[in-house]
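Student:
There are 2 protein chains.
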Amino acid sequence: MASAILKRVSASAMSSLVESIRIGASSRNFAAVAVGTDIVSAAPDVSLQKARSWDEGVSSKFSTTPLKDIFKVCSSILRGAYTGVCSQQHVPSYNNKIDEFKAKGIDSVICVSVNDPYTLNGWAEKLQAKDAIQFFGDFDGKFHKSLELDKDLSVALLGPRSERWSAYVVDGKVKALNVEEAPSDFKVTGADVILNQI
Amino acid sequence: MASAILKRVSASAMSSLVESIRIGASSRNFAAVAVGTDIVSAAPDVSLQKARSWDEGVSSKFSTTPLKDIFKVCSSILRGAYTGVCSQQHVPSYNNKIDEFKAKGIDSVICVSVNDPYTLNGWAEKLQAKDAIQFFGDFDGKFHKSLELDKDLSVALLGPRSERWSAYVVDGKVKALNVEEAPSDFKVTGADVILNQI
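Chains as they are written, first to last, in full-length UniProt numbering: chain A, 1 to 198; chain B, 1 to 198.
Here it is, written out as structure tokens:
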């Protein structure tokens, strides 16, 4: 199922802002990440930025976290998201099911977003999701670019962001991958789908 | 005083993260904006994005606001800012003095930030500043680039942002301009300084 999604092509390109409810429908295949990919090898030298307050950022001397430290021996659910559907559906769908992920032996549920870590922290706090989910910023988009999951969403006044996607990762290896046809869709990246793939 | 600030050079370049408390100290002069500059002419074809919720963004078909509609006949205080000092000092300093600006005949206090308009909206709501201040996003940084007030703050995990600055603008013309030596400084761009320049 994941590979079917990977091989998909967009049914229709977005032709006007009137159709913007499906923002960023894509006609691209994803070459850099697939089932079997080692996330750490696919994005060498990439670090993420743990969500935190500005003051914590200053105290930490703006430290970052290498991917290998995030995906060491563990099973993780990794999700990429952006403003909008994300706040109302995507993050809550995982936040509400955290006990089911734990019951299946998942060590960590991780949300990576093309945002600075301070914005991401404020957003995570507003969603009351920090206890269940680890939030990491990808402020320069390097992680998503490495995986070819980056997406220009300037049409929605967002600039360079990411596809909406989810992955089940064990010891750094991708075991399942789901990518929405358009980042404004929420069909294959919710918690229920990936719970069935574990 | 404003022109003295425009001509300033940085006392020291930032040499390590240990010195990051003064993030982004600059050695650049500002050629594109000065006292007397017409903001609309200096940034032709640039629009800003009124801060709003994601749902309002979708409803508005992601509309933007041309500079000429923001700076038509009126006197405005314009401020550029970013996360950090901004939340604790910069925005509150204007929010708390709004009555003094009104008493001096200022029509609008405007905050422009290199953020998407939804993030900016969430931040403005958290600061309880939306009644006093108009917030506009500059998500792609075009406004700040046109004025040569853009600034790479990747060292603070923020990416392309802006200088910290304030301006007193009448009918689009800059009457006073203040730019901090480093965006983490808060010496010349607070409400008290510009109140004395009106």
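Quick reminder that beta carbons are idealized off the backbone N, C-alpha and C, glycines included.
Is the Cβ-Cβ distance between B:Leu-149 and B:Ser-162 less than 8 Å?
Tutor: In this structure, B:Ser-162 lies closer than 8 Å to B:Leu-149 by Cβ.
Student: Give me the residue from A:Ala-32, A:Asp-99, A:Phe-71 and A:Phe-139 with the minimum Cα distance to A:Val-169.
Tutor: Out of A:Ala-32, A:Asp-99, A:Phe-71 and A:Phe-139, A:Phe-71 has the C-alpha closest to the C-alpha of A:Val-169.
Student: With three or more C-beta pairs closer than 8 Å as the rule, is the region 140-157 of chain A touching the region 99-110 of chain B?
Tutor: Touching, no.
Student: Can you tell me which of A:Asp-185, A:Asn-95, A:Pro-44 and A:Phe-186 puts its alpha carbon nearest to the alpha carbon of A:Asp-131?
Tutor: Looking at the Cα atoms, A:Asn-95 is the closest of the given residues.
Student: Can you pull the chain B neighbours of A:Val-155, defined as C-beta to C-beta under 9 Å?
Tutor: Correct list: Phe-62.
Student: Which of the three DSSP states is assigned to residue 209 of chain A in this structure?
Tutor: There is simply no residue 209 of chain A to check, as chain A begins at 1 and stops at 198 in what is shown.
Student: Could you check whether A:Ser-63 and B:Asp-140 sit closer than 8 Å to each other, using their CB atoms as the reference points?
Tutor: No, these two residues do not count as a Cβ contact at 8 Å.
Student: Taking C-alpha atoms, which residue in A:Arg-164, A:Ala-32 and A:Asn-196 lies nearest to A:Gln-89?
Tutor: That would be A:Arg-164, whose Cα lies nearest to the Cα of A:Gln-89.
Student: Given this structure, state the Cα-to-Cα distance separating B:Ala-129 from B:Asp-99, to the nearest angstrom.
Tutor: If you take the alpha carbons of B:Ala-129 and B:Asp-99, they lie about 13 Å apart.
Student: Counting only the same chain and skipping the five closest in sequence on each side, list residues whose C-beta sits under 8 Å from that of A:Ile-133.
Tutor: Closer than 8 Å at Cβ, skipping near neighbours: Val-91, Tyr-94, Asn-95, Ile-98, Val-109, Ile-110, Cys-111 and Ala-124.
Student: Where A:Asp-138 and B:Leu-157 are concerned, what is the direct C-alpha to C-alpha distance, given to the nearest angstrom?
Tutor: Each residue's Cα considered, the two are about 9 Å apart.
Student: Which of the three DSSP states is assigned to B:Ser-3 in this structure?
Tutor: For B:Ser-3, the pLDDT reaches just 31, beneath the cut-off of 50, and the residue's location in the model is therefore unreliable, leaving the point undetermined.
Student: So the alpha helix (DSSP H) A:Asp-57 belongs to, where does it begin and stop?
Tutor: One detail in the question is off: residue 57 of chain A reads as Gly in this sequence, not Asp. Per DSSP, A:Gly-57 belongs to the alpha helix (DSSP H) from 54-59.
Student: Can you find the residues in the same chain that come closer than 7 Å, C-beta to C-beta, to A:Ile-21, ignoring five residues on each side of it along the sequence?
Tutor: At A:Ile-21 the pLDDT is 46, less than 50, meaning the model places this residue with poor confidence; the figure from the coordinates comes in the next sentence. Cβ neighbours of A:Ile-21 beyond the five flanking positions: Ser-184.
Student: Rounded to whole angstroms, how far is the Cβ of B:Ser-53 from the Cβ of B:Asn-115, which I believe are closer than 8 Å?
Tutor: Their Cβ separation, rounded to whole angstroms, is 14 Å, which puts B:Ser-53 and B:Asn-115 out of contact at 8 Å.
Student: Quick one, which residues of the region 101-121 of chain A are near chain B if we go by CB-CB under 7 Å, in chain order?
Tutor: For the region 101-121 of chain A, which is checked against every Cβ of chain B, the residues closer than 7 Å are Asp-116, Pro-117, Tyr-118 and Thr-119.
Student: What residue from A:Asp-152, A:Gly-36, A:Thr-65 and A:Lys-151 has the CA that sits closest to A:Asp-45's CA?
Tutor: Measuring from the Cα of A:Asp-45, the nearest candidate turns out to be A:Thr-65.
Student: In or out: B:Ser-166 buried (at least 16 other Cβ within 10 Å) or exposed?
Tutor: By the 10 Å Cβ count, B:Ser-166 comes out buried.
Student: Considering only C-alpha positions, which residue in the set A:Val-58, A:Tyr-118 and A:Glu-181 is nearest to A:Phe-136?
Tutor: Checked all of A:Val-58, A:Tyr-118 and A:Glu-181; the closest Cα to A:Phe-136 is A:Tyr-118.
Student: Give me the residue from B:Ser-113, B:Phe-186, B:Ile-194 and B:Val-179 with the minimum Cα distance to B:Ala-34.
Tutor: It is B:Val-179 whose Cα lies nearest to the Cα of B:Ala-34.
Student: So with CB distances below 7 Å, who are the chain B contacts of A:Leu-158?
Tutor: By Cβ distance, chain B contributes Asp-116 and Phe-139.
Student: Does DSSP classify B:Asp-69 as helix, strand or coil?
Tutor: Looking at B:Asp-69 - three-state DSSP - the assignment turns out to be helix.
Student: Along chain B, which residues have their Cβ under 7 Å away from the Cβ of A:Gln-49?
Tutor: Neighbours of A:Gln-49 on chain B, chain order: Leu-157.
Student: Closer than 9 Å by beta-carbon distance: list the chain A residues that pair up with B:Lys-126, in chain order.
Tutor: The answer, in chain order, is Gly-122 and Lys-126.
Student: When you compare only the Cα positions, how much space is there between B:Val-193 and B:Ser-76?
Tutor: About 15 Å.
Student: Rank B:Phe-101, B:Lys-68, B:Lys-126 and B:Pro-160 by C-alpha distance to the C-alpha of B:Ser-113 and give the top, closest one.
Tutor: Measuring from the Cα of B:Ser-113, the nearest candidate turns out to be B:Pro-160.
Student: Classify A:Pro-117 as helix, strand or coil using the three-state DSSP reduction.
Tutor: Note: A:Pro-117 maps to helix in three-state DSSP.
Student: To the nearest angstrom, how far is the alpha carbon of B:Gly-172 from that of B:Asp-152?
Tutor: Answer to the nearest angstrom: the Cα atoms are 27 Å apart.
Student: Use the C-beta contact count for A:Lys-50: other C-beta atoms within 10 angstroms, 16 or more gives buried, fewer gives exposed.
Tutor: Buried.
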